[in-house]
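Colleague: Encoded as structure tokens, here's the structure I'll be asking about.
There are 2 protein chains.
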Amino acid sequence: MIRVMVVDDQALVRRGFALVLDNEPDIQVVAEAGTGLTAIAAAREHQPDIILMDIRMPEMDGLEATARILQTEKKAEAGDTPCRVIILTTFDPDEYVFRALRAGASGFVLKDIPPEALVEAVRTVADGGAMLAPGITQRLISQFAQKLGTGRNLAERLERLTAREREVLAAIADGKSNAEIAEALFIGPATVKTHVSSVLSKLGLRDRAQAVVFAYECGLANAGGRDVGF
Amino acid sequence: MIRVMVVDDQALVRRGFALVLDNEPDIQVVAEAGTGLTAIAAAREHQPDIILMDIRMPEMDGLEATARILQTEKKAEAGDTPCRVIILTTFDPDEYVFRALRAGASGFVLKDIPPEALVEAVRTVADGGAMLAPGITQRLISQFAQKLGTGRNLAERLERLTAREREVLAAIADGKSNAEIAEALFIGPATVKTHVSSVLSKLGLRDRAQAVVFAYECGLANAGGRDVGF
DNA sequence: TCTCACCTCCCCCAAAAGGTGGAGACGGCA
DNA sequence: TGCCGTCTCCACCTTTTGGGGGAGGTGAGA
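These protein sequence lines are chains A and B, in that order. Residue 1383 in the numbering used here sits at position 3 of the first sequence, and the numbers go up by one each step. Residue 1603 in the numbering used here sits at position 223 of the second sequence, and the numbers go up by one each step.
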């Protein structure tokens, strides 16, 4: 049985969704909330598997509420219920989508979807998957393809480097100085300089700064992976 | 009427999908192909709206074929049919997915989906959307959220900088030298040094190389956006 | 065996970068 | 009015970086 909570400030809308879902044999609506704040409390109390969350709400919007609920979930992590959130809204501007995904939402669907599709989305997400509105999936793919896109030809340039040189480049992309690289790779500083020089000349770069740019652009260094705690 | 081409090396599978789709009133299977090479030729000849493409095939795999078909499409761009590809396969390893998305696929679904879902996927993609298997959507979101994740707290550190300093940081993240930054911002090289110094000290960085790392990590510079043609 | 690519390290040197301290100009704000 | 933050620039200094050689050692392959 999938336990669902519906969060929307408009009681009618809320009841509508709840009725649609409750009509399914394997889905049970266990709570409803009309604001972000009450949603947080209700989530804690009823421990739903899935939360259908509107964005525009008084007191606290759905994105903020989503972030908080999933954060406390993560802290608890007693393995209770890894509650998952589907954002259900009328609009789909990019900013909302990105914020929602960052907040940890597993779905982002528009309110105009047919009821069966909503039910399907709930089941999909409860099953560990994710469900986005088709247009959003499309944009996500575009963004992703763009990021991977340029990587190709640059990665070819990367192959001109020897294994050691790639290691050095990675270290450069980590913000390390020559001395630090030497220490990290257990070689002398002079050797590091040699490697750095060949990396720069082979790739047609001038600076270690440009080397950092190159590393990020070709995917050798991945943005978002590191804590910049130099 | 949605014109579909089915590409799969197993004739039985191919016929199965074709029959399911042809049974729909708004979908017409206009071509079939058993290899990547013939798929390219058939796509050119029949100009389908949607191509269902298997990955594992003799002569040329589906990903390569997808890339080529969409590439020639792009070149032609006479506005004929902006043909779109749905990858339909038994496996979903990450590598395949990324290659598929980079090749320009608009969908990636597993062969075990129910027939109605396949039909729905075809309609969705024909309608300009995209459709991924739920698990894949999930992973795409994770990757995306990770990239956006750390950006927030770092961006706060960014706000300690003055507007000018942020400009300078952006220029640094572009791989520019102090002299180039001076030229770009119409100020003296000495001024650039001043700004660079305060950027580094305010952000707790040592190097302009570390500054580049910081810029990428906090999203000030976006990987994939630039041509590294130093 | 000889060659070649690679890794390792050295020296010297010029250029760039980064730190420190100071200074004038401008605009907002108490 | 005076204070403060910002932008602009300067001079001086140390450290780092990057380029130009050269040189020894290793292992794979012709």
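Glycine is no exception: its CB is placed at the ideal position from the N, C-alpha and C atoms. Bear in mind the structure is a predicted one, so any value in this text is a computation, not a measurement.
Determine the extent of the beta strand (DSSP E) in which R1394 (chain B) is found, giving its start and end residues.
Modeller: Unbroken run through R1394 (chain B) is the alpha helix (DSSP H), A1391 to D1402; no beta strand (DSSP E).
Colleague: Taking the alpha carbon of L1541 (chain B) as the point to measure from, which residue in B:V1593, B:S1577, B:P1514 and B:A1601 has its own alpha carbon closest?
Modeller: With distances taken between Cα atoms, L1541 (chain B) lies closest to B:S1577.
Colleague: Answer with yes or no whether the minimum CB distance from V1502 (chain A) to chain B is below 8 Å.
Modeller: So no, V1502 (chain A) is outside the interface.
Colleague: Just to check my reading of the structure: Q1590 (chain B) and S1486 (chain A) have Cβ atoms closer than 8 Å, yes? What is that Cβ distance to the nearest angstrom?
Modeller: Contact flag wrong, Cβ pair sits at about 35 Å.
Colleague: What does G1484 (chain A) touch in chain B if you count any residue whose Cβ is under 8 Å from its own?
Modeller: Those are A1525, listed as they occur along chain B.
Colleague: I'd like to know if the stretch 1399 to 1412 of chain B and the stretch 1422 to 1438 of chain B are in contact, where contact means that at least 3 CB-CB pairs between them fall below 8 Å.
Modeller: Verdict: yes, contact present.
Colleague: Compute the beta-carbon to beta-carbon distance between G1442 (chain B) and I1467 (chain B), rounded to the nearest angstrom, for a pair I have assumed lies under 8 Å.
Modeller: About 6 Å; that satisfies the 8 Å criterion.
Colleague: Contact check, L1583 (chain B) vs R1537 (chain B) under 8 Å by CB: the rounded distance?
Modeller: Confirmed, Cβ separation roughly 6 Å.
Colleague: With a threshold of 8 Å between beta carbons, is S1577 (chain B) in contact with chain A?
Modeller: No, S1577 (chain B) lies away from the interface with chain A (no Cβ there is under 8 Å from its Cβ).
Colleague: Looking at T1446 (chain A) and A1483 (chain A), is the spacing between their C-beta atoms short of 8 Å?
Modeller: In this structure, T1446 (chain A) lies closer than 8 Å to A1483 (chain A) by Cβ.
Colleague: Measure the C-alpha to C-alpha separation of D1474 (chain A) and A1559 (chain A) and round it to an integer number of angstroms.
Modeller: Spanning the two alpha carbons is a distance of roughly 43 Å.
Colleague: Just the chain B side, please: which residues come within less than 8 Å of G1509 (chain A) by C-beta, in chain order?
Modeller: In chain order: A1513, P1514, G1515, T1517 and Q1518.
Colleague: Using a Cβ-Cβ distance under 8 Å, would S1557 (chain B) count as near chain A?
Modeller: Yes - at least one Cβ of chain A is within 8 Å of the one on S1557 (chain B).
Colleague: Work out the CA separation of A1497 (chain B) and A1553 (chain A) for me, nearest whole Å.
Modeller: Approximately 44 Å, taken between the alpha carbons.
Colleague: Residues of chain A with CB under 8 Å from A1466 (chain B), in chain order?
Modeller: For clarity, residue 1466 (chain B) is Ile in the given sequence; the question names Ala instead. What I1466 (chain B) touches in chain A: nothing, since even the nearest Cβ is about 12 Å away.
Colleague: Quick one: is P1438 (chain B) buried, meaning 16 or more other Cβ sit within 10 Å of its Cβ, or exposed?
Modeller: Looking at its Cβ environment, which holds fewer than 16 other Cβ atoms inside 10 Å, P1438 (chain B) is exposed.
Colleague: Return no unless some Cβ of chain B is closer than 8 Å to the Cβ of L1534 (chain A).
Modeller: By this cut-off, L1534 (chain A) is an interface position.
Colleague: May I ask which residues mark the beginning and end of the beta strand (DSSP E) holding A1413 (chain B)?
Modeller: Where A1413 (chain B) is concerned, the enclosing beta strand (DSSP E) stretches over I1407 to A1413.
Colleague: Within 8 Å (strictly less), CB to CB, does Q1590 (chain A) reach chain B?
Modeller: It does; some Cβ of chain B falls within 8 Å.
Colleague: Residues of chain B with a CB under 9 Å from the CB of A1506 (chain A): which are they?
Modeller: None at all; the shortest Cβ gap to chain B is about 10 Å.
Colleague: Leaving out the 5 sequence neighbours to the left and right, which residues in its chain are closer than 7 Å to A1513 (chain B) when beta-carbon positions are compared?
Modeller: Contacts found: D1472, F1488, V1489 and L1490.
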